[in-house]
Every structure is written in structure tokens, then in C-alpha cells.
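Protein chains in written order, with this note's numbering: chain A, 38 to 367; chain B, 4 to 283.
Ideal Cβ positions, reconstructed from N, Cα and C, are used throughout, including at glycine.
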Ligand SMILES: Cc1cc2nc3c(=O)[nH]c(=O)nc-3n(C[C@H](O)[C@H](O)[C@H](O)COP(=O)(O)OP(=O)(O)OC[C@H]3O[C@@H](n4cnc5c(N)ncnc54)[C@H](O)[C@@H]3O)c2cc1C
Ligand code: SF4
Ligand code: FES
Ligand code: FES
């Protein structure tokens with residue numbers, strides 16, 4: 038690990054100032070992604086500003102919904118009564134990720150910011166445009182079983198690997214950010230992550246030195262019928278090959294509103310509004326679900342080793358919708 | 004062994020120090036032994052085919068861990084620039100440490116505080132061997148910087164027993180044969196002890212069927228225990244014993260031990276059979 042200066046911050050303004058002033062400085066939250074990447078020399082900051090003691094860990098009701106602090110731990114978020122009651126989809130997605138130990142450390146802000154698990158990105162001996170722009174993409178013609186089938190570019194075929202964000206996309210969450218000038222701004226979570234295009238080194242639209250302070254969850258009518266389905270190489274403690282967050286609002290067996298978000302298929306959670314629209318107004322049955330699944334996977338472009346994700350994705354969508362109709366029990 | 008190989012091997016046994024290294028040794032005789040023995044190890048290891056990367060890691064770890072004993076003399080400028088003073092409580096005892104900002108809690112425990120119960124498996128968050136309890140929560144000490152632990156309370160496997168009396172979870176692991184080599188066990192134990200509290204508090208897992216329930220004092224099924232313990236990998240596959248041990252302590256219902264030591268008579272009987280075999 039490269040040597041770095043460590044400071045412990047107690048207020049957001051000074052933390053933001055410290056990181057803004059040094060292009061090689063980073064915020065340190067739970068450290069579960071950053072420290073790992075620093076050990077591999079993938080990340081090489083010369084300064085870490087510890088933000089875990091900032092007063093940003095509250096979870097509370099706000100006008101129009103619930104606000105979860107950026108520094109609240111994943112465990113505390115998944116278990117908070119406001120989240121479990123009103124947004125069980127979010128609890129389910131968080132609990133599908135990592136392990137109890139990691140969720141006790143990981144924060145909500147850090148979770149949104151986590152980097153890809155592409156094996157070439159992690160190996161500094163390999164070419165990778167995300168890690169070292171201009172060196173090429175090791176995965177494009179290499180081993181790409183876990184890589185994208187949607188929205189990638191020649192420059193990068195990596196996926197966003199997280200679980201929590203898939204639920205946040207389905208729940209129309211809003212990311213609240215504080216900038217160096219002390220101003221706050223919000224980004225709808227759908228616009229938070231980006232596609233790789235020609236600049237895969239940028240995972241998302243946060244500027245250097247900007248601090249995520251909270252994630253807001255607007256009220257909705259999905260709590261009765263939602264489900265997070267994660268498919269992975271083993272039953273637990275593994276990243277998704279394909280995951281899907283679905284939410285339905287159903288009246289008299291007619292679908293009023295729907296959300297379908299796929300995880301681990303693109304550089305960001307992949308929401309299919311087309312498939313959602315195909316569900317609205319229809320009765321909730323397997324045939325409708327299958328049609329929606331077909332539509333959601335339309336336009337997928339598999340790489341050499343991940344064609345399986347298309348069929349897997351379709352089946353995952355149908356199963357998740359069926360589970361949601363059953364009240365979303367695990 | 005061919006002559007060529009012997010030559011090659013010898014070149015490692017008698018290390019050549021660079022001018023810089025000689026000067027460093029002259030300034031700091033106390034690291035001499037370390038430097039020499041490491042060099043010898045490098046030689047043996049290279050002959051044995053250990054990867055260069057592993058050697059670099061080992062060397063770095065040793066340097067980081069030795070910072071206090073060397074009183075910051077080695078890499079003095081770096082050490083002073085990024086040294087962090089940390090006060091924390093470990094198994095009920097206050098400790099003050101002065102260390103490089105890079106030192107993980109795992110390395111501080113093992114290399115600085117001689118608490119070697121906590122184990123290093125992957126050093127990357129992927130195995131759970133390094134699990135300890137910080138402020139009541141199980142966490143991975145390999146991904147925790149010691150610097151972040153200021154004022155915190157750390158419990159390691161050494162802190163679970165009360166004097167000579169084992170923690171019920173430790174006793175249950177023995178009773179149910181919850182290990183083979185024992186390498187993952189300290190992490191499994193810390194994890195399992197924290198799991199008990201989580202279940203009391205009604206915390207959910209991926210295997211929880213009704214997330215909207217507000218129930219506390221959960222009665223965990225085998226599936227629940229397996230999911231909740233998935234962050235602790237056991238290379239020996241002692242999982243059935245681990246689950247049985249946790250289930251017994253968690254439920255408070257005693258279950259039968261499925262093994263016992265053989266008696267002297269049984270051993271004697273075995274011996275006669277063996278002898279009989281030999282005669283035949
Ligand atoms: C073995 C393993 C398995 C895992 N499995 C899964 C899984 O199955 N599913 C899953 O979703 N995740 C998984 N994870 C990833 C884990 O969820 C993330 O590492 C974690 O959520 C990151 O949060 P953190 O607080 O530790 O972030 P850190 O590591 O502290 O930070 C990550 C990045 O975010 C930045 N950052 C942190 N907080 C803020 C903020 N408030 N504002 C701006 N920037 C910020 C940091 O500067 C850093 O660049 C796994 C991790 C490991 C090690
Ligand atoms: S897919 Fe992206 S992250 Fe992976 S090697 Fe290619 S450029 Fe790097
Ligand atoms: S050593 Fe920490 S998880 Fe493996
Ligand atoms: S007992 Fe050997 S690794 Fe678990």
C-alpha cells in the first residue's frame with residue numbers, strides 16, 4: 038500500500054475542503070472497497086480523510102419519504118424499522134450483498150461508490166482503461182463471463198457490481214450531495230452512475246471532493262409487492278452474476294405501476310422502462326411477466342463468455358415478479 | 004541436484020548487500036539480524052518457488068509491523084510523516100499505539116500486540132478468518148485501519164473466555180467438533196458470538212422470510228445460521244459442527260455430542276487386533 042496521510046474529520050465542511058484541496062486525497066468510509074483496492078495498488082491516494090465520525094448516519098422520516106444518511110452502515114440501514122416497513126426491497130438488496138461483517142463496516146455512500154470487480158481492473162499487471170486510461174481493455178477479448186451485456190463501449194465492458202443500488206433505482210431514490218462551495222445538490226439515482234463511453238475511468242457523476250450526505254427514498258406503494266433476486270456462483274457471500282429488483286403496485290390483479298432493474302449486466306444498474314410499461318395496465322400473470330422479461334432483455338449484446346446472462350436474466354425477472362406477487366418473502 | 008542448480012542456490016545463501024544496505028546496517032545494527040534472515044528466507048523461498056509478489060507482501064508486512072521496535076529509524080521520514088497515535092481498548096485493556104497509518108487492525112493485533120489468535124487468511128475481506136468484534140459488531144480486521152479505531156473497544160478471540168472458563172460458544176465448538184485445523188476458528192467464534200446478539204435484536208438476514216416483521220429474540224433455523232455465518236469460510240469444511248454448535252448455544256437446547264474419546268480398554272482391544280493381524 039502506498040503511504041498516505043490520515044486525518045479524522047468531525048465536520049463535513051472541513052472534510053470536503055481537505056479532499057477538494059488535494060487531487061490525490063480520498064474520503065475513507067467503511068474502507069471495505071478502498072482499503073482493498075489500496076492493498077492492490079489499484080487506488081493510490083496520498084491522503085485519506087476519515088469521514089466515519091461525521092454526523093451523517095441518521096435514518097429518519099422526512100417530508101415525502103425517508104432519508105438515510107450516507108454514513109449509516111449497511112446493516113443499520115437494512116434493519117431500520119422505517120426501511121423494513123416501507124422499503125423492504127432495499128433491506129433485501131442490502132442483505133443479499135457481501136457478509137454480515139462487511140455490512141457492519143460498509144456505509145451507504147461507499148456502497149454507491151464501489152468500483153467494478155472486473156479481474157483485469159484489480160490486477161495492475163493487466164491492461165485496463167478504467168484503471169490506467171489508454172492501456173486498453175483486458176476483458177473485451179479476455180475472460181468476460183462476469184461482464185456487461187448492455188451499454189458498454191469498446192473501451193470498457195465492466196459492470197457495476199453492487200446490490201443496494203439496484204433497489205435504489207427501483208425506488209426512485211435521490212442522492213443528496215454537498216460540494217466544495219458549501220452548496221448542496223441532488224442527483225436522481227438513475228443519473229448517478231454513468232456508462233463507460235470514452236471515459237471508463239469515471240464511474241459516476243460525482244465531482245472530486247463532493248460528499249454524498251444522504252439518500253432520499255420517496256414514499257411509494259411498492260412495499261407489499263417487491264422482490265430482490267440475486268443469482269450467483271454460490272448461495273451467499275458472492276457478487277451477482279445477474280440480479281433483479283422488481284416492484285409492483287397491483288389493484289384487483291391489475292398492474293398500476295412496475296419497476297424492473299437488472300444488476301451486474303451493465304456499467305450501472307439497468308432499468309428497463311420499456312418492460313415496466315409493458316406490465317402497466319395488464320393483469321399480473323406469468324404470460325405478462327414473460328413478455329416483460331423478453332422486452333427487458335431485448336437489445337442485449339453478449340460478449341464471448343456471457344451469453345448465459347440473457348436467458349438467466351429473463352428467468353430471473355419472471356421469478357422475481359412471481360415472488361413479488363407472493364408478498365416478496367425470501 | 005545439478006551443479007548449476009547448486010551454484011544458483013549458493014548465490015542466495017551468501018547474500019550480497021548493496022552499498023545503501025550496508026550503510027543502513029551500520030547505522031542500525033538492530034535490524035541486521037532481521038535483514039540477514041530475511042535475505043536467507045528470500046533465497047530459500049525463491050528456490051522453493053514462492054512468488055515474488057508474496058515476498059514483497061511479506062517484506063512490507065514485516066517492515067510495517069516492526070516500526071515500533073525499530074523506533075521509526077527505518078524509513079524515518081515516512082514514519083514520522085504518516086505516524087498516527089491511537090488509543091483503543093483491546094479485551095478490556097487500554098492500549099496506546101503509535102503506528103504507520105497503513106497498519107491494519109489485524110497486523111496491529113498480531114504483530115504489535117502479540118495477540119495472534121486473530122488469523123490472516125486472504126487479507127482482502129474474502130474469508131472472515133480475521134473477524135473481531137468492534138464496539139459490539141463483528142467486523143473484518145484486515146480491512147480496518149487501526150487509525151480508525153481511536154476510542155473503540157475491540158474483542159478478539161483471546162477476550163471471549165472468562166479466565167479459565169470458556170465462552171459457551173467455545174465450549175460448544177469443542178463439543179460439536181466445529182473445526183479441524185482450527186485456522187478459521189477464532190474468526191468463526193467471534194462471528195458466532197456476535198450473531199447471538201444480532202438474533203436477540205431481531206436483525207434480519209438474506210434468509211429471513213418476513214422482513215416487515217418486528218419480532219425480536221429470533222429463533223434461527225439451520226438455513227438462517229448458515230446464511231448468517233457465510234462470511235466465515237472454513238477450508239476444512241467443518242460446517243456441520245459449526246452450525247450444530249451455534250444452534251445449541253443460540254437455542255439453549257442441549258444436543259447430544261456425537262463423538263467421544265476412546266477408552267483405554269478400547270485402545271487395548273485395538274492393539275490386540277493389530278497384533279493378531281501381524282501374527283497372521
Ligand atoms: C469480499 C467482498 C464481498 C462483497 N460482496 C458484495 C456484494 O455481494 N454486493 C455488494 O453490493 N457489495 C459487495 N461488496 C462491496 C461492499 O458492499 C462495498 O465495499 C461497500 O459497500 C463500500 O462501502 P464503504 O463504506 O466500505 O466504502 P469505502 O471503501 O470506504 O469507500 C469506497 C469509495 O467511496 C468513496 N466514498 C465513501 N463514502 C463517500 C461519501 N459519503 N461521499 C463521497 N464518496 C464517498 C471513497 O472515497 C471510496 O473511493 C463486497 C466487498 C467485499 C470486500
Ligand atoms: S472491462 Fe473496464 S474495468 Fe475491465 S479491463 Fe476493461 S476497461 Fe478495465
Ligand atoms: S483475512 Fe480478513 S477476510 Fe480474510
Ligand atoms: S477448521 Fe480448518 S479452515 Fe476451518
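Beta-bridge annotation (DSSP): residue 328 (chain A) is not paired with any residue. With a contact defined as Cβ atoms closer than 8 Å, residue 40 (chain A) and residue 85 (chain B) qualify at about 5 Å.
Excluding sequence positions up to five before and after residue 220 (chain B), its CB lies within less than 8 Å of the CB of 202, 203, 205, all in the same chain and listed in chain order.
Taking the Cα of residue 255 (chain A) as reference, the smallest distance to any Cα among A:177, A:242, A:328, A:207 is reached at A:207. Under the DSSP assignment, residue 102 (chain B) falls in the beta strand (DSSP E) whose first and last residues are 96-103. In this structure, DSSP gives residue 265 (chain A) an extended state, which the three-state scheme calls strand. Not one heavy atom of ligand 2 is found less than 7 Å from the C-beta of residue 237 (chain B).
In terms of CA proximity to residue 260 (chain B), B:177 leads the group B:177, B:267, B:270, B:272. Not flagged as an interface residue toward chain B: residue 306 (chain A), since no C-beta distance is shorter than 8 Å. Around the beta carbon of residue 146 (chain A), 16 or more other beta carbons lie within 10 angstroms, which makes this residue buried. Shown here for residue 164 (chain A): same chain residues with a beta carbon closer than 8 Å to its own, the five before and five after excluded, namely 157, 172, 173, 174, 175 in chain order.
Within the region 287-350 of chain A, the complete alpha helix (DSSP H) runs of at least 4 residues fall at 310-316, 323-334. A straight-line Cα-Cα distance of about 37 Å links residue 83 (chain A) and residue 271 (chain A). Look at residue 367 (chain A): its C-beta is under 8 Å from a C-beta on chain B. Separation of residue 327 (chain A) and residue 237 (chain B) (C-alpha to C-alpha, rounded to the nearest whole angstrom) is 40 Å.
The Cβ atoms of residue 114 (chain A) and residue 146 (chain B) do not sit closer than 8 Å to each other.
Taking 8 Å as the cut-off, the beta carbon of residue 358 (chain A) is found no closer than this to the beta carbon of residue 265 (chain A).
Contact annotation: in the region 87-112 of chain B, residues whose CB is within less than 9 Å of a CB in chain A are 87, 103, 104, 105, 107. Assignment of alpha helix (DSSP H) within the region 176-206 of chain B, counting only whole runs of 4 or more residues, yields 188-203 in chain order.
For residue 225 (chain A), the three-state secondary structure derived from DSSP is strand. Residue 223 (chain A) places its beta carbon less than 8 Å from that of residue 212 (chain A). For residue 192 (chain B), the CB stays at least 7 Å from every heavy atom of ligand 3.
The residue from A:134, A:236, A:85, A:244 with its alpha-carbon nearest to that of residue 215 (chain A) is A:244. Of the other Cβ atoms in all chains shown, fewer than 16 fall within 10 Å of the Cβ of residue 264 (chain B); this residue is therefore exposed. Of all residues in the region 198-221 of chain B, the ones placed with a Cβ closer than 9 Å to any Cβ belonging to chain A are 198, 201, 204, 205, 206, 207, 208, 209, 210, 211, 212, 213, 214, 215, 216, 217, in chain order.
Counting only the Cα atoms, residue 269 (chain B) lies some 50 Å from residue 132 (chain A). Rounded to the nearest whole angstrom, the C-alpha separation of residue 120 (chain A) and residue 103 (chain A) is 8 Å.
Residue 233 (chain B) and residue 116 (chain A) have their C-alpha atoms roughly 18 Å apart. Burial check for residue 313 (chain A): the Cβ neighbour count within 10 Å reaches 16 or more, so the residue is buried. The Cβ atoms of residue 279 (chain A) and residue 336 (chain A) do not sit closer than 8 Å to each other.
With 6 Å as the limit, the residues whose C-beta approaches any heavy atom of ligand 3 more closely are B:123, B:124, B:125, B:126, B:128, B:129, B:130, B:131, B:132, B:133, B:143, B:145, in sequence along the chain. Sequence-distant Cβ neighbours of residue 92 (chain B) in its own chain, meaning closer than 6 Å and more than five residues away, are 156.
Taking the CA atoms as reference points, residue 137 (chain A) sits about 8 Å from residue 141 (chain B). Within chain A, the residues whose beta carbon sits less than 7 Å from that of residue 231 (chain B) are 137, listed in sequence order. Residues of chain B with a Cβ closer than 7 Å to the Cβ of residue 301 (chain A) do not exist, since the nearest Cβ in that chain sits about 16 Å away. Per DSSP, residue 132 (chain A) is one residue of the alpha helix (DSSP H) stretching across 125-132.
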